[in-house]
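In the numbering used here, the protein residues as written are 70 to 425. Ideal Cβ placement from N, Cα and C applies to all residues, glycine included.
Next comes the structure, spelled out in structure tokens:
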């Protein structure tokens, strides 16, 4: 099956006909999508639920080609919070933890992917991952059937939206230079460090993916970042230091300023990382800043200890996720989270990001 990267056009009415004529190479993904369409019947697109894809999709590694078709929301997409019909054609390779990470076991299949073709909504957004919780579903998710990390998109976003912001802000950090292959490798390791952080005393999957559990989802992302930075700091190698810097820079320069940031879990977690300025992570230098995570480790470890002890979001008293975020300065209302960031670094980051 020969393909080139392009936009797939999927419109509501002919969607079943398009899928029914699929090549054999993508029969698995097409069959799951067709089963979801069949359950929706003649209902409008807003009635489509992608439970079969969410529960049963499996990924085949290169040279195989994979097709995922579902009604889903794209993180950082052009229409935040909107569930649209999207299709992604991609190749994949298995994602593994680097050998120098502390041992852990991946509880679900995770793959690094290269996009061959996709629908407009996916390509226009800043989405670089795909997990079952992003799909529109009828049934709750108790376990994660798949994880797709579109590393070509994450690398491109780093080059397009992180590097220019870092330069504009004059934010210095270790190991930021290198060709595309080096940056791609660094972005891969940074993502796996974040996943390692998720697996470090993980919370139950269902607790963090439901809409009503958004505060705990925020805490889960923050926990993963803090645990990853701590783990990388303890490795004391140039690669580990560069990986930690890459992880933090992607958060504060890109994800903190996604569309509708006040209701995006990743944006809230990213803005919370900016509070590490109080621990010395962002050291002022001539006309700019230097990222020094080593100076912020005491503050980081203190916050990690609090987050690890976090109680269920169902409790709104002391020790809850809401209580923690409120004490950090967040204003919470109707799944919208606002934090006033008026310091010089945050204002510079916001202005530079808005200019792109």
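Residues that DSSP places opposite residue i in a beta bridge
i, result
"residue 139", "155"
"residue 162", "181"
Distance CB(residue i)-CB(residue j) smaller than 7 angstroms
i, j, result
"residue 262", "residue 301", "yes"
"residue 358", "residue 240", "yes"
"residue 104", "residue 118", "no"
"residue 331", "residue 405", "yes"
"residue 185", "residue 217", "no"
"residue 297", "residue 204", "no"
"residue 372", "residue 316", "no"
"residue 325", "residue 336", "yes"
"residue 343", "residue 415", "yes"
"residue 98", "residue 145", "no"
"residue 234", "residue 422", "yes"
"residue 88", "residue 102", "yes"
"residue 376", "residue 292", "yes"
"residue 242", "residue 360", "yes"
"residue 183", "residue 221", "yes"
"residue 152", "residue 142", "yes"
"residue 311", "residue 255", "yes"
"residue 93", "residue 130", "no"
"residue 401", "residue 340", "no"
"residue 188", "residue 155", "yes"
"residue 362", "residue 313", "yes"
Residue i - DSSP class collapsed to helix/strand/coil
i, result
"residue 407", "strand"
"residue 332", "helix"
"residue 400", "strand"
"residue 418", "helix"
"residue 93", "helix"
"residue 129", "coil"
"residue 134", "coil"
"residue 112", "coil"
"residue 98", "helix"
"residue 118", "coil"
"residue 391", "helix"
"residue 88", "helix"
"residue 423", "helix"
"residue 242", "coil"
"residue 124", "helix"
"residue 327", "coil"
"residue 70", "Caution applies to residue 70, whose pLDDT of 46 falls short of 50 and renders its modelled position unreliable; the value that the coordinates give is listed next. Here residue 70 sits in coil by DSSP."
"residue 413", "helix"
"residue 83", "Only weak support exists for where residue 83 lies, its pLDDT of 47 falling under 50; the value from the coordinates is given anyway. Coil at residue 83, not helix or strand."
For residue j and residue i, believed in contact at Cβ under 8 angstroms, the rounded distance
i, j, result
"residue 135", "residue 198", "Between residue 198 and residue 135 the Cβ distance is about 15 angstroms, and since that is not below 8 angstroms, they are no contact."
"residue 150", "residue 329", "7 angstroms"
"residue 128", "residue 191", "Not really, about 16 angstroms apart at Cβ, beyond 8 angstroms."
"residue 323", "residue 258", "Not quite, the Cβ-Cβ distance comes to about 17 angstroms (not below 8 angstroms), so this is no contact."
"residue 123", "residue 201", "4 angstroms"
"residue 348", "residue 369", "7 angstroms"
"residue 181", "residue 161", "7 angstroms"
"residue 290", "residue 334", "6 angstroms"
"residue 260", "residue 223", "7 angstroms"
"residue 284", "residue 114", "The pair is not a contact, with the Cβ atoms about 31 angstroms apart (cut-off 8 angstroms)."
"residue 379", "residue 251", "The Cβ separation is near 36 angstroms, so there is no contact."
Residue i: CB within 6 angstroms of a non-hydrogen atom of the ligand COA
i, result
"residue 294", "Of the ligands one can find in the structure shown there are none, so the ligand COA has no counterpart to examine."
> What beta strand (DSSP E) runs, 3 residues minimum, are completely inside the region 170-240?
Replying inline: 179-188 and 216-219
> Enumerated in chain order, which unbroken segments of the alpha helix (DSSP H) with a length of 4 residues or greater are wholly contained in the region 337-389?
Replying inline: 366-377
> What are the uninterrupted segments assigned as alpha helix (DSSP H) that are 4 or more residues long and contained completely in the region 248-325, given in chain order?
Replying inline: 249-268, 274-278, 283-304 and 307-322
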